[in-house]
Amino acid sequence: MPEDPIKSLRILVVEDQQQTRVWIADVLKQMGVREVLMANDGAEALDVLHRDLDAVDIVICDWAMPRMNGMDLLAAVRNLRPNLPFIMETGHGTKDHVLAARAQGVDAFIVKPYSAAQLEVRIRTLVKNGRPK
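Just so you know, the working numbering puts 832 at position 125 of the sequence shown, and the rest follows in order with no gaps.
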C-alpha cells in the first residue's frame, strides 16, 4: 500500500492570531504532515519563501493580517511560484471575498470557524487533484 502523500508535505501556515496558528499546526501534525512552518503575517511568509522557494508544498493563509494581508501575499506567491497551492482562510466569507480570491488565483477557500475535518478535506483535495479551480 502506498504511503499517504500527506506525510511528505511541508505546509506554511500564515496567521496573525497565535491561538489559531497553533491550532492549525496541531491539526496538521495530527494529520501526519511532514513539516509545519509558521509565519505571523505575509511579510514573514515571504521571508520563509525567499530563503528556500521549494521548502513549501502548500500555503494556508489568513486574509486579514497586519503589515501584509493574505491577498497581497497571494499576489507575491503567484509571482514567485505560480503553481504553489494556496488555501485562503477568512472570517468574512462573502461571495465578493471568494470571487476576489479566486480571481487572484487562490486554490481553496475556507471560512472561519472551521473544523479540522474541513481543513483536511481542502488539503487532501489539493494533493489529489493538483490546483483545483
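Backbone N, C-alpha and C define an ideal beta-carbon position, used for all residues, glycine too.
Note that the coordinates shown come from a computational prediction; the quantities given were computed from them, not determined experimentally.
Around the Cβ of Pro-792, are there at least 16 other Cβ atoms within 10 angstroms (buried) or fewer (exposed)? buried
Leu-744 bridges to which residues according to DSSP? Leu-719
Measuring straight from C-alpha to C-alpha, what distance separates Pro-789 and Val-766? 12 Å
Mapping DSSP to helix, strand and coil, what is Thr-797? strand
Determine the DSSP secondary structure at Ala-842, reduced to helix, strand or coil. Outside the displayed range of the chain (708 to 840) lies residue 842, so it cannot be described from this structure.
Which two residues bound the contiguous alpha helix (DSSP H) that contains Ile-830? 823–836
Collapsed DSSP secondary structure at Asp-764 in the structure displayed: coil
In chain order, what residues of the same chain lie with their CB nearer than 8 Å to the CB of Lys-714, ignoring the 5 residues before and after it? Gly-739, Val-740 and Arg-741
Mind checking Val-729: buried by the 16 CB within 10 Å criterion, or exposed? exposed
Pull the bridge partners of Asp-779 from the DSSP assignment, please. Answer is none; Asp-779 lacks a bridge partner.
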